[in-house]
Amino acid sequence: MSTFIPQSINQQQLPPPQGPHFPPPPPPHHTILGPYPGTYPPPVPTPPEFRQFDNSPMNPPMIPGAPNANMWTSQIMTPPPGANMRNSNYIDHTLMHQPMMNNTNHGGNRYNTHRYPHRGNFDGMNTHRKNNGKPRRGDDASKYANAKLSDFVGDILNLCKDQHGCRFLQRQLELDEGAATIIFQEIYFKIVELMIDPFGNYLIQKLFEHITVEQRIVLVKNASGEFMKISMDPHGTRALQKLIECISTAEESKLIIEALQPHIVILSRDLNGNHVVQKCLQNLKTSDNQFIFDAVCANCLAIATHRHGCCVLQRCLDHGDPLQRQQLSLKIAENATKLAIDPFGNYVVQYVLSHGDDKSIEIILNHIKSNTIALSLHKFGSNVIEKSLRINKLSNQLIEVLLLNESRFEELLNDGFGNYVLQTSLDVASPTDLARLSQSLIPLLPNIKNTPHGRRIMNKLQSME
């Protein structure tokens with residue numbers, strides 16, 4: 001939209017732009033095309049088809065009897081004579097921006113050195129299009145510089161969702177003990193909305209630290225019905241984790257447990273939700289976390305074979321009490337063979353081998369001994385075999401199983417995964433077992449001496465002589 005120029009402005013009195021690229025302005029009563037009797041630009045009678053627009057915002061009503069009454073305002077709607085000539089639009093340079101369709105000042109650069117000269121002018125309505133009419137960022141921040149919380153009572157909810165307003169409120173929480181109650185009273189009924197807000201979640205995290213227990217219980221009750229939604233939201237998950245860190249009463253724990261219990265399997269497999277489950281394991285009492293162990297044991301395979309779920313199971317083994325850890329370890333051990341060949345489940349099996357109880361480890365070892373060669377030739381199963389070999393109390397038993405399958409050594413040597421199992425066996429074997437392994441492997445080396453893994457095995461055997 002073009003800018004309205006009052007009729008009273010004398011355009012010839014404005015100082016012309018200076019520079020070699022601008023022609024001098026026309027003298028009074030002259031135009032580029034020659035002398036013109038009367039005022040410039042001249043009043044033009046309104047065409048009949050445009051008279052309906054005489055009272056538009058672009059052409060306000062004229063006082064009856066005025067010199068230019070019922071005249072078409074040419075200096076606003078059309079360029080002066082010669083405006084299509086480059087650098088000749090005197091009015092455009094001194095007073096106003098012309099409509100884009102008529103502008104010859106490419107890109108708004110008055111020296112016409114725009115790198116894209118073919119583009120039309122974006123002056124006027126499009127100059128700051130990116131701001132969409134909103135205040136600049138600096139303006140937003142400045143209004144909070146010397147403000148007080150009392151200045152915004154009644155509008156705090158909107159401040160929570162604003163980048164600078166959110167920071168202002170966080171500062172108030174640090175400066176004034178009473179600020180927490182003022183903020184709480186205006187946002188407690190919108191807690192879910194703020195927990196998943198890109199800016200509001202930061203204020204809520206800070207608010208959890210400063211409100212009273214009674215106020216925090218109110219927020220937990222108001223949000224608990226949407227805990228699953230909040231947990232799976234990239235912003236909400238952080239706010240909910242902070243809430244779990246801050247709770248201090250049995251009532252709060254009970255509310256959280258009741259809200260999360262039906263969703264543990266889904267949350268354990270979710271990119272954001274799994275962190276909420278892990279936070280419960282870290283911060284709730286061990287006895288309060290039993291609902292998590294019950295859920296993961298009942299759905300061990302579904303969780304252990306998932307990218308995020310396998311991490312949850314490992315944290316369970318870290319934070320549970322002995323009975324809880326044994327409960328989960330036995331469930332993992334029962335499914336050891338299936339988990340060992342899974343991209344994520346194999347890590348869970350390895351974790352039990354390192355941190356599990358003796359009974360669970362024994363069950364896993366039996367699974368491995370029954371499938372040693374098959375697992376050794378598998379991309380993920382070979383990781384479990386190598387892990388078992390590096391555990392002192394298991395290595396001798398597994399090497400004995402390998403020696404019983406001496407006829408498969410050539411197959412293992414030529415396999416991309418099996419050869420690493422043999423290399424690890426050479427690293428951990430006792431002197432007696434090493435001699436037996438060497439005796440079985442040396443006759444096979446000529447067939448693989450030119451391969452990278454063959455050379456590594458040969459070097460190991462030579463260094464042990």
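Each residue of the sequence shown is one higher than the one before, starting from 1 at the first, in the UniProt record's numbering.
By construction, the Cβ of each residue, glycine as well, lies at the ideal position given by its N, Cα and C atoms.
Source: prediction; values computed, not measured.
- By the C-beta density criterion, K359 is exposed, having fewer than 16 other C-beta atoms within 10 angstroms.
- For A223 against V192, the beta-carbon gap comes to about 5 Å, under 8 Å, which counts as contact.
- Taking the Cα positions, A336 is about 6 Å away from V349.
- The stretch 403-414 makes no contact with the stretch 384-395, as fewer than three CB pairs between them are under 8 Å.
- The Cβ-Cβ distance between S268 and V312 falls below 8 Å.
- About 4 Å separates the beta carbon of E186 from that of I156, a gap short enough to meet the 8 Å contact definition.
- Residues of the same chain with a CB within less than 6 Å of the CB of I204, apart from the 5 flanking positions on each side, are L194, M195 and A239 in chain order.
- In summary, R216 is buried, with 16 or more beta-carbon neighbours lying within 10 Å of its beta-carbon over all protein chains present.
- In the three-state scheme derived from DSSP, where H, G and I count as helix and E and B as strand, D342 is classed as coil.
- In the three-state reduction of the DSSP assignment, Y347 falls in the helix class, which pools H, G and I.
- Note on geometry: alpha-carbon atoms of L339 and T305 lie some 7 Å from one another.
- Exposure of F189 is indicated by the presence of fewer than 16 other C-beta atoms within 10 angstroms of its C-beta.
- With 16 or more other Cβ atoms from the protein chains shown falling within 10 Å of its own Cβ, G165 counts as buried.
- Annotation: L207 to N346 spans about 42 Å, alpha carbon to alpha carbon.
- The Cβ-Cβ distance between V220 and S248 does not fall below 8 Å.
- Scanning the stretch 372-425 from its first residue to its last, the whole alpha helix (DSSP H) runs of 4-plus residues come out as 372-376, 381-389, 392-404 and 409-413.
- DSSP places S430 in the coil class of the three-state scheme, outside both helix and strand.
- Between the C-alpha atoms of F417 and N274 there is a straight-line separation of about 32 Å.
- In this chain, the alpha helix (DSSP H) harbouring T237 covers G236 to C246.
- Inter-residue distance for A147 and E209 is about 23 Å (C-alpha atoms, whole angstroms).
- Only residues of its own chain outside the window of five on either side were considered, and among them I303, A304, F344, G345, Y347 and V348 have a CB closer than 8 Å to the CB of C310, listed in chain order.
- Between I363 and E334, the C-beta gap is smaller than 8 Å, which places the two residues in contact.
- Look at A145 here: in three-state DSSP terms it is coil, with no helix or strand label.
- Judged by DSSP secondary structure, D318 falls within the alpha helix (DSSP H) whose first and last residues are G309 to H319.
- It is roughly 53 Å from the alpha-carbon of T237 to the alpha-carbon of M458.
- In the three-state scheme derived from DSSP, where H, G and I count as helix and E and B as strand, T337 is classed as helix.
- Taken through DSSP and simplified to helix, strand or coil, L284 comes out as coil.
- Taking C-beta separations shorter than 6 Å and ignoring five residues to either side along the sequence, the partners of I448 in its chain run L413 and G454, following chain order.
- Annotated three-state conformation of I196 is coil, per DSSP.
- Per the coordinates, the alpha-carbon of E258 lies some 23 Å from the alpha-carbon of N201.
- Here the alpha carbons of L434 and L402 stand approximately 12 Å from one another.
- When C-alpha distances from M228 are compared across A374, K393, T286 and L271, the shortest belongs to L271.
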